[in-house]
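Shown next, in structure tokens, is the structure this report addresses.
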Amino acid sequence: GSSGALGCGYLYNVSWQYGLSDLKLLTIDGIEPSASNIQNRIYPLISQVCAVIRGGEEETQAGQLAQWCAWPLGQKLAKEMGYEPNMPVVETDLSPAKSAPDTEDGTEWAEGDAVPRGSGTTLHRNALEWSSELLYNDESRYVSVPVISGLKDKAVEEAINGRIRSVIDAFCDPDHLPDVQGIETYKAEGLKPSDSHYLLAGGSVEGNSDNILSVVLSCTATYDIPARGKSGPQSLFFAVCEPLNFDLRTGKEIPLTALVSDDMDALPYLNGLVQKYCRYNADTVYRDEDDFSTPEGIGTIGVRVTSLPGLKKDQKYYLDDSLQTIYLVLDVNTPWGVTGTDFSCIPLDLENHAAFTRFHTEESLFE
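Numbering (this note's numbering), first residue to last: 2 to 368.
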């Protein structure tokens with residue numbers, strides 16, 4: 002689950018947590034169900050899980066449960082909706098006003114503490130509170146929205162909450178269709194919410210340090226396309242996300258290029274890291290798990306990246322809680338088969354060229 006709200010590694014864990022530990026995973030098209038193949042989404046775990054959960058198909062609510070549980074948000078909501086795991090899930094309160102996860106060297110983060118980072122800089126955790134406000138919970142949707150509090154500047158606080166709410170409201174608009182590749186073709190074919198349409202929307206806070214707030218908002222829903230020749234109606238499961246990154250000094254969103262130090266030409270530098278990542282992935286994606294290794298913090302990912310045209314200034318991304326890794330959200334407009342969207346996150350470490358500290362202020366922004 003290292004990729005946060007979009008973590009595909011949760012699939013492997015949840016398949017056991019939610020009563021699927023007896024699922025017999027077989028080799029599919031020569032792809033073995035190893036931990037690395039599952040985590041890198043090479044092995045088609047979701048389709049295998051959906052074939053077992055109460056006999057559900059992918060477009061049913063039983064099938065959606067498997068999709069939702071790929072995300073921490075989905076695990077939380079599944080539990081609230083009555084799906085109890087076989088073993089208790091450890092609850093973690095991420096509110097920095099109480100406590101935060103320990104660092105690798107045993108240093109405990111707490112409100113306002115400055116925590117040393119591996120690069121020799123210091124991480125200042127934001128003394129910011131946040132909660133989840135339930136907007137809708139009925140037969141057709143379960144929708145919540147993250148709400149922050151604790152900033153001295155209430156105008157900035159309201160602007161951030163307003164921006165977050167606007168994305169959630171757009172997700173809930175009955176006339177809003179998911180922005181995925183091929184959507185215009187689907188619309189021409191009469192795409193509409195399915196009769197069993199169930200919408201799940203919400204968000205999570207990912208990065209919260211040095212006056213930077215990184216939030217990931219996501220939405221899943223089912224749609225129908227009328228009969229396609231002899232094949233009959235087709236149901237489609239779509240998932241979309243919108244990561245937002247705020248400068249808590251101003252309430253404005255932070256472009257990806259602002260996170261790179263001034264001594265580098267940001268986009269060429271970032272594109273170089275992505276190219277290195279993709280080249281390494283192409284060489285390692287089919288290696289055995291025992292041979293898995295990554296040079297210079299570059300990981301692997303089992304997705305389609307060969308047609309990636311390069312990053313743009315409005316590239317979607319989010320940050321981890323330690324501000325050490327940028328997760329580029331790719332392929333948000335690429336359908337995964339015919340039943341959903343494959344989120345792909347490439348993690349990048351800027352090493353000595355990160356500029357996160359430029360947002361830090363000596364005077365606290367918090368109450």
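Even glycine gets a Cβ: it sits at the ideal position worked out from N, Cα and C.
Stretch-stretch touch, CB-based, cutoff 8 Å, three pairs: the segment 216-229 with the segment 184-193: Yes: the two stretches touch, three or more of their Cβ pairs being nearer than 8 Å.
Where do the N-terminal and C-terminal ends of the alpha helix (DSSP H) with Val157 fall, by residue? Its alpha helix (DSSP H) spans residues Lys155 to Cys173.
For the alpha helix (DSSP H) that Ile255 lies in, which residues bound it at each end? It is not in any alpha helix (DSSP H) - Ile255 carries neither H nor E in the DSSP assignment.
Pairing CB atoms from the segment 323-330 with CB atoms from the segment 209-217, are three or more of them under 8 Å? In this structure the segment 323-330 touches the segment 209-217; the number of beta carbon pairs closer than 8 Å is three or more.
From which residue to which residue does the beta strand (DSSP E) around Glu207 run? Segment Leu200 to Ser210, the beta strand (DSSP E) holding Glu207.
One or two residues paired with Asp248 in a DSSP bridge: Residue pairing of Asp248 in beta bridges, as defined by DSSP: Ile213.
Using CA coordinates, which residue listed in Leu274, Glu158 and Ser262 is at the minimum distance from Glu254? Cα-wise, what sits closest to Glu254 is Glu158.
If we count Cβ pairs, one from each stretch, closer than 8 Å, do we get three or more for the segment 132-151 versus the segment 346-360? These segments do not touch.
With a cut-off of 8 Å, do at least 3 Cβ pairs link the segment 138-153 to the segment 235-242? Cβ pair count under 8 Å is below three, so no.
Is the beta carbon of Cys220 less than 9 Å from the beta carbon of Leu237? Contact: no.
Can you grab the Cα-Cα spacing for the pair Phe367 / His177, in whole Å? Rounded to the nearest angstrom, the gap between the Cα atoms of Phe367 and His177 is 36 Å.
For Arg250, the nearest candidate out of Ser141, Ala156, Ala355 and Leu124 (CA to CA): Taking only the C-alpha atoms, the option nearest Arg250 is Ala156.
Is Ser167 closer than 9 Å to Leu320 when the C-beta atoms are compared? No. Outside cutoff.
Straight-line gap, Thr362 to Lys317 (C-alpha atoms, nearest Å): So the two alpha carbons sit approximately 25 Å from each other.
Selection from Lys313, Leu129 and Asn138 that minimises the alpha carbon distance to Glu207: Ranked by how close their Cα comes to the Cα of Glu207, the residues Lys313, Leu129 and Asn138 have Leu129 in first place.
Taking buried to mean at least 16 other C-beta atoms within 10 Å of its own C-beta, is Gly203 buried or exposed? With 16 or more neighbouring CB atoms inside 10 Å of its own CB, Gly203 falls in the buried class.
Taking the C-alpha atoms as reference points, what is the distance between Ser365 and Lys153? Looking at the two C-alpha atoms, the distance is approximately 9 Å.
Proximal residues to Asn370 (C-beta, below 7 Å), its chain only, five neighbours per side dropped: Here the chain covers residues 2 to 368 and nothing more, so residue 370 does not appear.
Could you give the first and the last residue of the continuous beta strand (DSSP E) run that contains Glu130? Run containing Glu130: Glu130 to Asn138, per the beta strand (DSSP E) assignment.
The beta strand (DSSP E) that contains Thr123, what's its start and end? For Thr123, the enclosing beta strand (DSSP E) begins and ends at Thr123 to His125.
Give me the Cα-Cα distance between His125 and Ile149, rounded to the nearest whole angstrom. Cα to Cα, His125 sits roughly 18 Å from Ile149.
With a CB to CB cut of under 6 Å and the five nearest residues on each side skipped, what residues in its chain are close to Ser262? Answer for Ser262: His354 and Ala356, listed in chain order.
When the Cα atoms are used, what is the spatial distance from Phe360 to Leu257? Here the alpha carbons of Leu257 and Phe360 stand approximately 13 Å from one another.
Secondary structure at Ala356, three-state DSSP: helix, strand or coil? Correct three-state label for Ala356: coil.
Supposed close pair Ile184, Leu245 - CB separation, criterion 8 Å: About 22 Å separates the Cβ atoms of Ile184 and Leu245, ruling out a contact at the 8 Å cut-off.
With 16 as the cutoff for other CB atoms within 10 Å, does Thr108 come out buried or exposed? With a pLDDT of only 35 at Thr108, under the threshold of 50, the placement of this residue in the model should not be trusted, and no figure is reported.
What does Ile226 pair with, by DSSP beta-bridge criteria? Listed as beta-bridge partners of Ile226 by DSSP are Gln235.
Same chain, Cβ closer than 8 Å to Tyr137, neighbours up to 5 away in sequence not counted: So the qualifying residues of the chain are Tyr143, Val144 and Cys173.
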